[in-house]
């Protein structure tokens, strides 16, 4: 369902979170907020797509 690039996606999101933590430690708050907003939006998009896939797999009427 998620394909072979899921591992790459997980690595990139993990690195974005680590970068946000480093930015926060160094006091770059705008960078921290932008990175965390991107991670949050990515997570919401992933949840939406996972829900859509779940609905499609249980939809037997089509």
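In my numbering, the protein residues as written are 855 to 916.
Glycine included, C-beta positions come from ideal geometry on N, C-alpha and C.
Nothing here was measured: the structure is a model prediction, and the numbers come from that model.
Let me check understanding here. Comparing Cα to Cα, which of the options lies closest to residue i?
i	options	result
residue 863	892, 908, 905	892
residue 872	859, 911, 887	887
How is the alpha helix (DSSP H) around residue i delimited, first residue to last?
i	result
residue 882	Element bounds for residue 882: n/a, residue is neither H nor E.
Are residue i and residue j closer than 8 Å when you measure CB to CB?
i	j	result
residue 904	residue 890	no
Whether or not the stretch 888-906 and the stretch 863-879 are in contact is what I'm after, with contact meaning three or more pairs of Cβ atoms, one per stretch, closer than 8 Å; do they touch? yes
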